[in-house]
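Visitor: To start, I am sharing the structure in question, which I have written as structure tokens.
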Amino acid sequence: MTLVTHAPNTLPRHPRPVPQEYTHKRVRDEVLLTGWAPAGANRMTVTARWPRGHAFYAPVAGHHDPMLLAETLRQSIPLISHACYDVPLGHHLIWQHFTFEADLGALWTGPGPMDVELRITCDDITRRGGRLAALTMTIDILRGDLPLGTAHTRFSSHAPAIYGRLRGERYALPGAFAPQSSSAGLPVFAPGRVGREHADDVVLSPTAAPDQWQLRVDQSHPVLFDHPVDHVPGMLLLEAARQAAHAVPHARAGVVVPVRFESVFFRYVEFDTPCLITAQADPVARPGGSGEGSYVSVSATQDGAEAFACRVMVVAV
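Under full-length UniProt numbering, think of the first position of the sequence shown as 1, with each following residue one higher.
Written out as structure tokens, the structure is:
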């Protein structure tokens with residue numbers, strides 16, 4: 001993991017508060033961000049606080065779940081869009097690609113919450129009609145003075161009318177954002193095989209094929225479906241990649257933690273047709289920022305087309 005060198009922290013003593021609606025979370029307790037401040041042209045500093053324990057992103061072997069980092073970064077996307085680039089509430093923010101890596105050595109859990117700092121640089125900014133259309137974010141994440149991780153992501157922003165045209169008939173259907181018939185009733189893959197304790201948190205359902213599962217979508221899940229959406233959220237696809245990386249045989253023995261995700265979002269994953277998750281492990285261990293790890297390639301396909309791909313690196317703890 002390479003940490004980009006930045007100027008000393010420019011976060012003022014009293015950073016600006018984070019409006020809850022700017023994180024696109026309806027439940028206040030799920031908001032991880034605590035403040036933000038500009039740090040130069042197209043640069044921002046964002047602070048966050050991770051709970052000692054989280055109902056869904058629970059600690060593993062004395063380490064915070066790296067997916068807390070992913071959710072922190074996800075919340076930063078709407079915050080920066082609304083606060084810094086004047087994207088109106090109600091516009092749709094869509095991931096194009098998202099890569100992040102966490103340093104396992106900096107993820108230890110302490111006796112209380114953990115404060116995190118994100119140093120964000122935005123570039124490759126596209127505007128249409130005076131509004132933000134897309135941008136790329138490069139992020140360094142710190143725990144105090146200790147490098148915690150890095151991330152790189154690009155997303156697009158769409159006004160409701162444009163988003164409706166992109167989504168076509170599905171968006172125009174009555175109740176497009178209401179809970180739809182889902183796959184929550186499918187059999188649950190063994191929680192212990194995917195790094196989970198509770199069946200309600202498993203997003204994979206077994207199929208007859210080895211290392212292949214059907215995506216299990218439970219729109220009543222309090223964390224993955226905090227607010228109504230018209231397609232499968234990106235965080236659910238990342239969780240599916242994480243669970244698939246746990247499930248396949250690979251070079252790591254014992255308890256493993258996924259610490260690096262390289263993901264690309266090709267198309268929307270819909271609720272009303274099956275989505276298949278396949279995984280293949282690279283048998284060769286490779287070096288990474290958290291030590292030697294194993295890579296697992298995960299793909300999500302729906303109606304015969306690849307919708308999402310993710311390369312996950314897992315390390316032993």
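Even for Gly, the Cβ is constructed at its ideal location relative to N, Cα and C.
P88: buried (16+ other C-beta within 10 angstroms of its C-beta) or exposed?
Guide: Looking up residue 88 in the sequence shown gives position 88. Answer is exposed; the Cβ neighbour count stays below 16.
Visitor: Tell me which residue opens and which closes the alpha helix (DSSP H) that residue 318 is part of.
Guide: Within the shown structure, residues of the chain are numbered from 1 to 317, placing residue 318 beyond reach of any answer.
Visitor: Quick one: which unbroken beta strand (DSSP E) runs of 3-plus residues sit fully inside the stretch 34-93? Chain order, please.
Guide: 43-50
Visitor: Going by the CB atoms, is the gap between S220 and S157 shorter than 8 Å?
Guide: Walking along the sequence shown from the start, residue 157 turns up at place 157. Walking along the sequence shown from the start, residue 220 turns up at place 220. No, these two residues do not count as a Cβ contact at 8 Å.
Visitor: Going straight from the alpha carbon of M137 to that of M313, what length do you get?
Guide: Counted from its first residue, the sequence shown places residue 137 at position 137. Counted from its first residue, the sequence shown places residue 313 at position 313. Answer to the nearest angstrom: the Cα atoms are 21 Å apart.
Visitor: Taking C-beta to C-beta, are S205 and L236 nearer than 8 Å?
Guide: Position 205 of the sequence shown holds residue 205. Position 236 of the sequence shown holds residue 236. No.
Visitor: Since A134 sits in a beta bridge, which residues does DSSP pair it with?
Guide: Taking the sequence shown and counting its residues from 1, the one referred to as residue 134 is at position 134. Bridge partners of A134: T126 and S156.
Visitor: For T23 and L33, which I take to be in contact (beta-carbon distance under 8 Å), what is that distance rounded to the nearest angstrom?
Guide: Along the sequence shown, one-based indexing puts residue 23 at 23. Along the sequence shown, one-based indexing puts residue 33 at 33. Their Cβ separation, rounded to whole angstroms, is 6 Å, which keeps T23 and L33 in contact under 8 Å.
Visitor: Rounded to whole angstroms, what's the CA-CA distance from M114 to I139? Just pull it up for me.
Guide: Position 114 of the sequence shown holds residue 114. Position 139 of the sequence shown holds residue 139. Cα-Cα distance, rounded: 18 Å.
Visitor: Let me confirm a value: V4 is counted as buried when at least 16 other C-beta atoms fall within 10 Å, else exposed. Which label applies?
Guide: Along the sequence shown, one-based indexing puts residue 4 at 4. Since pLDDT at V4 reaches only 41, below the 50 mark, its modelled position is unreliable, and the value read off the structure follows with that caveat. Burial call: exposed.
Visitor: Could you tell me which residues DSSP pairs with E292 in its beta bridges?
Guide: Within the sequence shown, numbered from 1, the residue matching residue 292 stands at position 292. Answer by DSSP bridge pairing: none, since E292 is not bridged.
Visitor: For A199, name the three-state secondary structure that DSSP assigns.
Guide: One-based indexing of the sequence shown puts residue 199 at position 199. Here A199 sits in helix by DSSP.
Visitor: Using alpha carbons as the reference points, say which of T150, P233 and G112 lies closest to H92.
Guide: On the sequence shown, position 92 is the one that residue 92 refers to. Nearest option by C-alpha distance: P233.
Visitor: Where do the N-terminal and C-terminal ends of the beta strand (DSSP E) with S183 fall, by residue?
Guide: The sequence position of residue 183 within the sequence shown is 183, counting from 1. Unbroken run through S183: none, as it is neither H nor E.
Visitor: Which stretch, first to last residue, makes up the beta strand (DSSP E) that contains T109?
Guide: Sequence index remark: in the sequence shown, residue 109 carries index 109 (1-based). No beta strand (DSSP E) holds T109; DSSP gives it neither H nor E.
Visitor: Using the C-alpha atoms, what's the distance from I125 back to A184?
Guide: The residue labelled residue 184 in the question sits at position 184 within the sequence shown. The residue labelled residue 125 in the question sits at position 125 within the sequence shown. Approximately 39 Å between the Cα atoms of the pair.
Visitor: Locate the beta strand (DSSP E) running through E306, then write down its first and last residues.
Guide: For the purposes of this step, residue 306 is taken as the residue at position 306 of the sequence shown. Start and end: A305 to A316.
Visitor: Candidates V248, L166, G164 and T150: which alpha carbon is nearest F189's?
Guide: What you label residue 189 is simply residue 189 of the sequence shown in a count that begins at 1. Out of V248, L166, G164 and T150, V248 has the C-alpha closest to the C-alpha of F189.
Visitor: In three-state terms, what does DSSP make of E117?
Guide: As a first step, residue 117 is located in the sequence shown; it is residue number 117 there, counting from the start. Looking at E117 - three-state DSSP - the assignment turns out to be strand.
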